[in-house]
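In the working numbering, the protein residues as written are 53 to 253. Note that CB positions come from ideal geometry on N, CA and C, so glycine has one too. Report on the following structure.
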């Protein structure tokens with residue numbers, strides 16, 4: 053059997069992770085385990101909880117063999133999910149983070165809880181994939197799921213635990229996606245201001 057751990061930063065009941073769990077668990081000889089936040093945790097990067105209490109509750113998630121929701125960050129969830137699987141004697145083959153609502157490119161990857169979860173898996177010695185769909189109100193996840201499954205299968209021996217496969221897919225029906233391109237991480241620019249100066253004079 054192949055064992056996957058799935059986490060995210062949008063919350064355990066988000067549409068993206070639901071679609072990913074369904075797609076992964078539909079494969080032959082695949083078990084899916086889930087540990088994800090109990091709510092929205094976008095922008096947490098790879099932060100972990102050093103103070104206070106992190107609550108963990110086992111829950112039912114369709115398609116998952118076992119699932120836990122936590123009050124922690126995405127990186128916490130990966131740590132907890134790995135520990136839970138180890139305690140159950142489950143050897144994980146790969147960790148998936150996503151499907152995120154919104155692409156993770158350029159500077160986004162520094163802040164992203166989705167990429168942070170994948171990074172936590174990588175530094176813990178596991179192969180990992182961060183998966184995102186471009187758009188904050190996404191409705192098309194099948195393309196992202198199938199691309200991830202296809203290329204993880206093709207690149208399984210190429211991906212190493214110190215490498216993250218970061219996949220970004222447009223929010224389009226699968227038959228409208230033109231193809232796949234491998235590329236380097238490029239820049240992305242923001243208007244980084246928390247407020248605008250207003251002249252009261």
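> Quick one: what does DSSP say residue 150 is sitting in, helix, strand or coil?
Replying inline: strand
>> According to DSSP, simplified to helix, strand and coil, what is residue 183?
In response: strand
>> According to DSSP, simplified to helix, strand and coil, what is residue 54?
In response: strand
>> Once the 5 residues before and after residue 161 are set aside, which same chain residues still bring their CB inside 6 Å of it?
In response: 167
>> If contacts are defined as beta-carbon pairs under 8 Å, then residue 146 and residue 179 qualify, I think. What distance do you get, rounded to the angstrom?
In response: 5 Å
>> Helix, strand or coil, according to DSSP, for residue 191 in the structure here?
In response: coil
> What's the C-alpha gap between residue 61 and residue 129?
Replying inline: 9 Å
>> Applying the 10 Å Cβ sphere with the 16-neighbour rule, what's the burial state of residue 172?
In response: buried
>> For a test of the three-state rule: what should DSSP assign to residue 172, helix, strand or coil?
In response: helix
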